Structure formats: structure tokens, C-alpha cells
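Novice:
Residue numbers (the working numbering): 3 to 644.
(1) Assuming residue 497 and residue 552 make a contact with CB atoms under 8 Å, what is their CB distance in whole Å?
(2) Run the CB neighbour count on residue 82, radius 10 Å, all protein chains shown included, and call it buried at 16 or more, exposed below.
(3) Could you tell me the alpha carbon to alpha carbon distance between residue 617 and residue 507, rounded to whole angstroms?
(4) According to DSSP, simplified to helix, strand and coil, what is residue 297?
(5) Does residue 602 come out as helix, strand or coil in the three-state DSSP assignment?
(6) Below 8 Å between beta carbons: does that hold for residue 520 and residue 530?
(7) Assuming residue 243 and residue 139 are in contact, meaning their beta carbons sit under 8 Å apart, how far apart are those beta carbons, in whole angstroms?
(8) How many angstroms separate the CA atom of residue 302 from the CA atom of residue 162?
(9) Please state whether DSSP places residue 123 in a helix, a strand or coil.
(10) Residue 15 by DSSP, collapsed to three states: which one?
(11) Which residue wins for smallest C-alpha separation from residue 538, given the options 110, 472 and 105?
(12) Output the distance between the C-alpha atoms of residue 286 and residue 292, rounded to the nearest integer angstrom.
(13) By the three-class DSSP mapping on this structure, what secondary structure does residue 489 have?
(14) Pick helix, strand or coil for residue 426, following the three-state DSSP scheme.
(15) Tell me which residue opens and which closes the beta strand (DSSP E) that residue 184 is part of.
(16) If the criterion is Cβ atoms closer than 8 Å, does the pair residue 172 and residue 67 meet it?
(17) Less than 8 Å between the CB atoms is what I'm expecting for residue 136 and residue 255, so what's the real figure, rounded?
(18) With a Cβ-Cβ cutoff of 8 Å, do residue 41 and residue 180 count as a contact?
(19) Helix, strand or coil for residue 615, going by three-state DSSP, please let me know.
(20) Verify the contact flag: residue 345, CB atom, against every heavy atom of the ligand SAM, threshold strictly below 7 Å.
(21) Please report how far the alpha carbon of residue 214 lies from the alpha carbon of residue 438, in whole angstroms.
(22) Measure the Cβ-Cβ separation of residue 312 and residue 304 and say whether it is below 8 Å.
(23) If you compare alpha carbons, which of 367, 516, 299 and 120 is closest to residue 2?
(24) Would you be able to state if there are at least three C-beta pairs under 8 Å between the segment 459 to 471 and the segment 560 to 575?
(25) Measuring CB to CB, does residue 89 end up less than 8 Å from residue 174?
(26) Taking DSSP as the reference, what is the three-state secondary structure of residue 546?
(27) Could you tell me the boundaries of the beta strand (DSSP E) in which residue 238 lies?
(28) If you draw a straight line from the C-alpha of residue 610 to the C-alpha of residue 619, how long is it?
(29) Per the contact definition of three or more C-beta pairs closer than 8 Å, is the segment 337 to 347 in contact with the segment 380 to 394?
(30) Rounded to the nearest angstrom, what separates residue 612 and residue 353 at their Cα positions?
(31) In chain order, which alpha helix (DSSP H) runs of at least 4 residues are fully inside the segment 278 to 355?
(32) Output the distance between the C-alpha atoms of residue 405 and residue 420, rounded to the nearest integer angstrom.
(33) Who does residue 517 pair with in a DSSP beta bridge?
(34) Report the option in 193, 550 and 47 whose CA atom is closest to the CA atom of residue 536.
(35) Cα-Cα, which of 411, 500 and 226 is closest to residue 206?
(36) How many Å lie between residue 73 and residue 202 at the Cα?
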């Protein structure tokens, strides 16, 4: 039944369409690539996509499609759910090196039917790869369970076009790797996956051995259930196609849906047998019995009905299995069934792991080894706990039989004593194992807490100017883009102030760069003390330039704020090395509501124009772009020049 938790994930992802908007008149997004930068590079929001619902668009037709008809992906992990459409994706990679660079592009989703990736230049295809799980494994350029496609980047811009088509859920997460770095990361991932598959395989073999030893069908159901999930995971991650059935294309197209249905069926049968539902409640037993029968029918239909239908139905049935197992587990615990506590803990662990995985997929949690593998970790804990439940069930039944035989012959008492010693040894072993699990869980939580703290510090460092402690330009541009679109959409006020310290080069030349840094810090402190309203943002724009975003602010209000800031800077009284240094600044103001501004860049350009006017008019003053366009509307320019 652990398969069902991942089936739940598939349903959730399928129901959520990606948030995207039309790209308008922008260019194709470009991602910078350099061997000196941290890799891999994740290409998500840096792509445009185009839906081909009729499957008729050719490479040339797609290139002829105007960029304005494409859409920007706003989710870092593009996911379009279950769909019959094909999707085209377009992106650029910029090679910052002066020579060619060998790269690997990774598509980690192993169950995509057809993938075509083109590298082209002026409509001429430089390199093309066509892979997918409907094509023989031997045709892949690199023998790997995922889709690893080699390319050679030319210096400068490199254009790429990707087409994805599949009967299941359409996902288009891309990573760009340097070959050596990929080999290292892939080795680590294979090691962890090998450990995971190895532990689960040992549990399957162990419980299958107990089936012959104890002659208890519950072990058969558990073994089939665990094996179904093991094979489902092998199919989902591509290991099955890579190592078990690389030439069986027809079977590979059924595998995922078959193992989901198999896990559903054996999960219900195992639930009925392990919790002895027939003894505790005939009504619940009959309900689960009929649902299990329905699962068996769906398993048979998997080989008849098309995959795109069965995978959805079986995934939905997987959700039913998950919630049924949790509900019946807690009900049995309430009724005093001691085995139910293992089921409750097992399914809670699985759900927690999948919840963390879902949160990571949608960006609510940082992407790292633990969050990316939380689903598998939760499932591993679940399978272990269910195995403990069988052991506990065995111990309980054993003790009942021993109590029933206390009045038998002396040698039976001796045998019971021996069995008690074995059970004690096993209980001690189980206790030690639980202690180790608890200790490792605590270590895992500590590591995750420390990692979250480091990630928060890195996030602050990446958005803050080191010298002034104001927001940096990248952070400002992100916040400004969001606020501009919001203000434009809701027709609200929005103003921009550009500030440039007057004669800053003279300060550096006459007093040294340390004096210049002190000047920047003093001015930044004024901005931090004055620009405190929620929604406003002050940032260092570059060199001695600063920029201020004022939401819900009219042009006159922005002019007054700029004038107050100019006055504060003029009265700064900067001293360095015992010498007083006069400091003044010029300001340029522009407003979204002041004129029919079409874009954020235009608004900033207007403020920049006003700033240059302030400089040309003698510096140490505030100029508004609105006044420059219509001097009669406000005598500010004439007054300032006078």
C-alpha cells in the first residue's frame, strides 16, 4: 500500500495546472552557464512553453510561432498533469566561456513517452536527441535510467527547443550539468537508491522466507504488497527499464499502472488479514472485501484499457486505499487492537514523507537530499513498521498458544521456556533497533534544522548588498516586477525614486575609498530609517546610485519623500579622518499614475531621465519626470532652476 502514497502525489500534481502568463513582447529567456558557477542549473521558470493539443506542429512551425504566443512557466518544476496534449518548450543557454563547453541536460522524469530536444541556430538544427520510454533503451545516447542528453555549447547564446509527449503526467524539469559533476552526483544518488532498494528487497526476502516457515498467508500478502511497491518504484525511477526489461517496450508501457493496481489489491488483502477484520467487524470486512475485488478487476483491466485511463483510475483507487488504511487503523486502535498502532504509525510516516515531497515539488520547502527523498524515506519506515506488526502479531499468537498449553506435559513446559527466551532475545533486538531508528531520526531532524538555518542565511545574503545592508539590485528588480504588475492590474499608484550622490568620485579621489564607503553607508542608513512602510523598498542600484520603490504613493507624495531625503543627506555632516565632508544628492522621481507608463523599464527610465535633469540643473535637488513633460502643470522645474 505504500505505492498508494505516491499515487496520491500523482493525483495532486495532475489536478494542479502550472501558473503561467503570456510572454508578451519579451525575448526567449536565457540561462547563463559557466563551469565556474554552482551546478547543476535548474531550468524551470527560464523556459517558454507552447501547447500542441492536436499533435500537428512541426519544428519549423514552432519556430515560426511568434514569441508573444508562448507562455512563461512560473513554477520551478513545470508540471501539466494528466493531458493528451504535446508540449513544446523553448529556452536559451548562454556559454560565458570563450570556447566550446560539453554539457549534459538531464530530464529526471523516467516515464515520459517521447522526448525530442533540438539545439539549433537560425533554424538550422545543430544537434537532436529523440528518446522516451516508448523507444528501445539502447537508442539512448547515454545508458542511464533517466534521460541524459549530451550537447556541446558554443560560445555565446545557444538556442534549444524541447518537445514532450506522454500518456501520463507531463513534467518538464530540466537540469544542466558539467559531465564530471554529474558523474559524482549520480554516483551518490545510485548509492542511496541502492541502499533503499536493498533494504526493501531484504524485507521482501525475509518475510517470504517466514511464509514457508510459519505457513501464514498474511506473510504472502505482505510480501506481494512490498514487492509491488518495490517494482513500482523501479518502474517509476527508470531502473526497471534500464536493468530488468530494457527491450520490452509493451510491458514497460503497462508497468507503472500494473504495479499500482497490484499494490492496491494486495494492500487491501493484507489489511484484512493482518488486522483480522472478519473477527472484529463483519461490516467493515465486507466493505474492504468488495473494494479489494474492485482493485482486482482494475488490475485485470490494466492490460486491456489504455494506460492514460488506467493510471488515473488506479491512482484514484490508491487514494482510497491510503485513506482506508489510515481510517481502519485508527478505528482498530480505538477498539483495542494492539497491532493497529503499527499500522497507524506506518501510514502516518508514509503520509508525512509524501507531504514533505509535495511541499518540496511546489517550492514550499527547500530542495535537498532529504526533502527530495522524503517519500521514499517515509515508505521505508512504513514497510519496516508493517514488518514489525507482523512480528508483533506472531509474538502475540505465540504467547496465546503457550498459555493454552501450560497444563500439558513437562517437556512442553521446557519448550515454552526455551521459546520465551527466544522471544526475549528478539524483543531486545527489536528494542535496540527502535533505539537506533530513534537516534537516527533525531540526527536527521537536527541536520534538517541546521540546513534550513543555512539556507535562510544564504537567501538573505543573495538579496542584500554587503556594504550598505540594503536590498541589492536583483532583489529590487524581482520585487519591482511583482509590484508593477499588481499596480498596473489594479490601477493603483506606484512611484520610483532614483538617487545619485553628487560628486561621489571626488570624495573617493580626495579622501579615499574608505571615505566613499562610509558615505554610502551613511546615506543607506538614512534610507533604512525613512523608508519603513510595508510594501516600500530601498535598494542599492549600482555604485553611488540608489533606488526606492514606493507602492500606493502618488507623484506629489513621492516628490515630498525625495525632498525630505535630499534634505537629510545635505545635513549629514559626514566626518572621516577628522575632516568634514559635505555630501549632497540628486533625485529623479517618476510615477505609474502620472503618465501612461507601459512597462516597469519605462518607469525606471523616466526616473533616470529626471535624475539627469537634476544633475544638469545644478545637483542637490529633486526633479520629477511629470514636471519635465508638462512644466506648466507644476512649476517645480522652473523653481528649481531659479
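All C-beta atoms, glycine included, are put in the ideal place defined by N, C-alpha and C. Predicted model, so just to flag it, every value in this text is computed and none were measured.
Specialist: Considering the structure as presented:
(1) 4 Å
(2) buried
(3) 14 Å
(4) Here residue 297 sits in helix by DSSP.
(5) helix
(6) Between residue 520 and residue 530, the C-beta spacing is not below 8 Å.
(7) The pair is a contact, with the Cβ atoms about 6 Å apart (cut-off 8 Å).
(8) Those two C-alpha atoms are separated by around 42 Å.
(9) If DSSP states are grouped into helix, strand and coil, residue 123 belongs with the strands.
(10) With a pLDDT of 42 at residue 15, under the threshold of 50, the predicted position of this residue should be treated as unreliable, and no value is reported.
(11) 472
(12) Each residue's alpha carbon lies about 10 Å from the other.
(13) helix
(14) helix
(15) Counting along the chain, residue 184 falls outside any beta strand (DSSP E), though it belongs to the alpha helix (DSSP H) covering 181 to 216.
(16) Not in contact: residue 172 and residue 67 (Cβ atoms no closer than 8 Å).
(17) 7 Å
(18) yes
(19) helix
(20) This structure does not include the ligand SAM; it has no bound ligands of any sort.
(21) 29 Å
(22) Yes, the Cβ-Cβ distance between residue 312 and residue 304 is below 8 Å.
(23) The requested residue 2 does not occur in the structure, where the chain is confined to residues 3 to 644.
(24) no
(25) yes
(26) coil
(27) Unbroken run through residue 238 is the alpha helix (DSSP H), 219 to 239; no beta strand (DSSP E).
(28) 14 Å
(29) yes
(30) 57 Å
(31) 279 to 282, 284 to 303 and 309 to 336
(32) 14 Å
(33) DSSP, once it has assigned bridges, lists no residue as partnering residue 517.
(34) 550
(35) 226
(36) Distance between the alpha carbons of residue 73 and residue 202: 43 Å.
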